[in-house]
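Oh and the sequence shown: position 246 is 253 in the working numbering, straight run, nothing missing.
In this text, a Cβ means the ideal position worked out from N, Cα and C, and glycines have one as well.
Okay, structure first, notes after.
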Amino acid sequence: MKRTLILLTVAVFSISAFSQRGNRKELAKWKDYNVGKIEFKDKSPDTKGAKIYHAIIPDPDAYITEQARRVLNTLYFSTEDSIPGVKQLNYTIRDYDGVSAKGGQPPVVGIEYSTRWIERSFANGDTAKLHFETKGVLFHELTHAYQLEPQGIGSYGTNKTFWAFIEGMADAVRYLNGGFTINDRPKGGFYTDGYRTTGFFFAWLAQTKDPDFIRKINRSTLEVIPWSFEGAIKHIFGESYDIVDLWNEYQVAMGDRPRVVK
Ligand SMILES: [Zn+2]
Numbered sequence: 008m009k010r011t012l013i014l015l016t017v018a019v020f021s022i023s024a025f026s027q028r029g030n031r032k033e034l035a036k037w038k039d040y041n042v043g044k045i046e047f048k049d050k051s052p053d054t055k056g057a058k059i060y061h062a063i064i065p066d067p068d069a070y071i072t073e074q075a076r077r078v079l080n081t082l083y084f085s086t087e088d089s090i091p092g093v094k095q096l097n098y099t100i101r102d103y104d105g106v107s108a109k110g111g112q113p114p115v116v117g118i119e120y121s122t123r124w125i126e127r128s129f130a131n132g133d134t135a136k137l138h139f140e141t142k143g144v145l146f147h148e149l150t151h152a153y154q155l156e157p158q159g160i161g162s163y164g165t166n167k168t169f170w171a172f173i174e175g176m177a178d179a180v181r182y183l184n185g186g187f188t189i190n191d192r193p194k195g196g197f198y199t200d201g202y203r204t205t206g207f208f209f210a211w212l213a214q215t216k217d218p219d220f221i222r223k224i225n226r227s228t229l230e231v232i233p234w235s236f237e238g239a240i241k242h243i244f245g246e247s248y249d250i251v252d253l254w255n256e257y258q259v260a261m262g263d264r265p266r267v268v269k
């Protein structure tokens, strides 16, 4: 008879990589990097959300530039890397039912942010909460502006692996820069689920296996063609590594799944 011993693992999964990624010395490398010309537009100046935005962020240009440098530092080793050249970044706040979205491709990228969402995030007059949300959403969308994309497997709209990688990276960068807390981590799922499920897994790999993991998996899109999660993991860690094994290790480490000892 097989006996199973269930051990619940209390995981210590802090935002320590945040300090690694965001440290001043590393960010200094990006201070002269041209993140693109930022064109800020307020299309709904009469809304409550727009008024709140202006009160909280008096200089959107400087604010967006600073977050862009954090995103670039998370995605790349240095300014000499192969980075999509964003020449212009159109950032618009507008009254619509949604949160935020990115459109276009470098050299001209657009990001929209909903004034209704701003209003909702500020429902209790909590300035810190609105800053946290605004910065978090910005990290996610800016990642889409600067990240590299898988090659040889179709596109965002036609291939689930492509989509999961793109959205997972954006949420990994958001978390590693303090735009999510550990309480935002979804339990279970699978590494191909995209968004936070993939993102927190990537962050765990960065925090427990290799501090440059995010930079390496971003760069793997140039080196692993056709791209796959499995191929990228083997490219980064070596042939003996397996993505499903790592996913299982992550699930056990986080306490999402009990460790089974035969
Ligand atoms: Zn996205």
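In this structure R192 is buried. Its beta-carbon is surrounded by 16 or more other beta-carbon atoms within 10 angstroms. E119 carries a strand assignment under DSSP once its states are collapsed to helix, strand and coil.
Shown here for T86: same chain residues with a beta carbon closer than 6 angstroms to its own, the five before and five after excluded, namely Y40 in chain order.
Three or more Cβ pairs drawn from the segment 169-185 and the segment 213-225 lie within less than 8 angstroms of each other, which places the two stretches in contact.
Runs of alpha helix (DSSP H) with 4 or more residues, each lying fully within the segment 18-88, are found at 23-29, 31-35, 55-63, 67-82, listed in chain order. According to DSSP, residue pairing for Q95 in a beta bridge involves K44, V115. The DSSP-derived three-state label of S227 is helix. A Cβ closer than 6 angstroms to some heavy atom of ligand 1 marks a residue here, and those residues are H147, H151, E174, A177. Beta-bridge annotation (DSSP): I100 is paired with D49, Y120.
Between the segment 107-114 and the segment 80-97 there are three or more inter-stretch CB-CB distances shorter than 8 angstroms, so the stretches are counted as touching. Contact annotation: the segment 195-213 touches the segment 161-180, with at least three C-beta pairs closer than 8 angstroms. Proximity of the segment 64-80 to the segment 120-131 falls short of the contact definition, fewer than three beta-carbon pairs being nearer than 8 angstroms. For a cut-off of 8 angstroms, the C-beta gap from G143 to F187 is around 6 angstroms, short enough to register as a contact.
Linking Y98 to D53 through their CA atoms gives a straight-line distance of about 18 angstroms. In the three-state scheme derived from DSSP, where H, G and I count as helix and E and B as strand, S128 is classed as helix. Taken in chain order, the unbroken stretches of alpha helix (DSSP H) that lie wholly in the segment 134-175 and span 4 residues or more are 134-153.
Residue burial annotation: E230 is exposed, with fewer than 16 other C-beta atoms found within 10 angstroms of its C-beta. Using a Cβ distance threshold of 8 angstroms, I59 and L137 count as a contacting pair. L253 is a Cβ neighbour of L212, given a cutoff of 8 angstroms. A direct Cα-Cα distance of roughly 16 angstroms separates A69 from I100. With a 10 Å radius around the Cβ and a threshold of 16 neighbouring Cβ atoms, I118 comes out buried.
Counting only the Cα atoms, S247 lies some 43 angstroms from G105.
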